[in-house]
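J.: If you read the sequence shown in our numbering, its first letter stands for residue 68, the second for the next number, and so on. Below is one structure. I have some questions about it.
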Amino acid sequence: MAGLFMTLEGIDGSGKSTQARMLASWLRQAGYAVTLTREPGGTKTGDAIRELVLSHDHAMPPEAELFLYLADRAAHVAEVLRPRIEAGDMVVCERFTDSTVAYQGYGRGIGLGVLRQLNAMATGGLTPDLTIVLDLQPNRARLDGSRLDRLESEGEEFSLRVAQGFRESARMEPHRIRLVDATPEAGVVHSAVIRLVQELLERHSPLPGALGEAS
68 MAGLFMTLEG IDGSGKSTQA RMLASWLRQA GYAVTLTREP GGTKTGDAIR
118 ELVLSHDHAM PPEAELFLYL ADRAAHVAEV LRPRIEAGDM VVCERFTDST
168 VAYQGYGRGI GLGVLRQLNA MATGGLTPDL TIVLDLQPNR ARLDGSRLDR
218 LESEGEEFSL RVAQGFRESA RMEPHRIRLV DATPEAGVVH SAVIRLVQEL
268 LERHSPLPGA LGEAS
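Next up, the structure:
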């Protein structure tokens, strides 16, 4: 049986890495094989692109930024995501195509239709079974001001556009994209994430055993 593909999205500082790790741990405890990965990154090619695209040393126009993210995604899908899903893993990925729509579309102003076409090309049509957006106001973002990367340094106005982009995507695809309030502490957010994941798992049987409630 093929696995399932779950993505965590949201503005910088919304807690994606923490929630991705907590979700992966919960799934492993429930008896699933899990692949935890991220974009940009997840492959040798992706790690090199991540260093380039997030570094303050490399100013670039929005179109160059976009194509770097798409190159990362194409490698990630081919080398990690599709093989692990086909092998039956539960794949948990921090950022995917919805980040491109939010950041390069709503944030940078690149046309949404073009972005969706390019995303489809880069992914070969791979779509998450569930996308959880950690919804947070930019002024509540948990960022280390002394260690901001190039995207994190764009400022609150940019982050507001990105946050609105995620909400618009959720409005357009309510069955796949679900918003979770990321304001509370991590354990409360985790419980909300797990409730959505349980709903997904219950729609895809057989299960390895009874699913426990989130702690």
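The C-beta atom is built at its ideal place from N, Cα and C for all residues, glycine as well. These numbers come from a predicted model, not from an experiment.
#1: The beta strand (DSSP E) spanning Asp248 covers which residue range?
#2: Sorted by chain position, which residues of the same chain lie with C-beta nearer than 7 Å to Val101's C-beta, five sequence neighbours on each side aside?
#3: Using 10 angstroms around the beta-carbon of Gly174, count the other beta-carbons present and answer buried if the total reaches 16, otherwise exposed.
#4: To the nearest angstrom, report how far apart Glu153 and Arg105 are at their CA atoms.
#5: Closer than 7 Å by C-beta to His271: which residues in its own chain qualify, once you throw out the five before and the five after it? Chain order, please.
#6: Quick one: is Thr85 near chain D, going by C-beta distance under 8 Å?
#7: Quick check: what's the CA-CA separation for Ala115 versus Leu246?
#8: For the beta strand (DSSP E) that Leu185 lies in, which residues bound it at each end?
#9: Which first and last residues belong to the alpha helix (DSSP H) in which Asp114 is found?
T.: If we stick to the structure as given:
#1: Ile244 to Asp248
#2: Cβ within range, chain order: Ala91, Leu94, Arg95, Asp156, Met157 and Val159.
#3: The residue in question, Gly174, is buried, as its Cβ has 16 or more Cβ neighbours within 10 Å.
#4: 18 Å
#5: Leu71
#6: Absent from the structure is chain D; it holds one protein chain and no more.
#7: For Ala115 and Leu246, the distance between alpha carbons rounds to 31 Å.
#8: Per DSSP, Leu185 belongs to no beta strand (DSSP E); it is in the alpha helix (DSSP H), Leu179 to Thr190.
#9: Lys111 to Leu121
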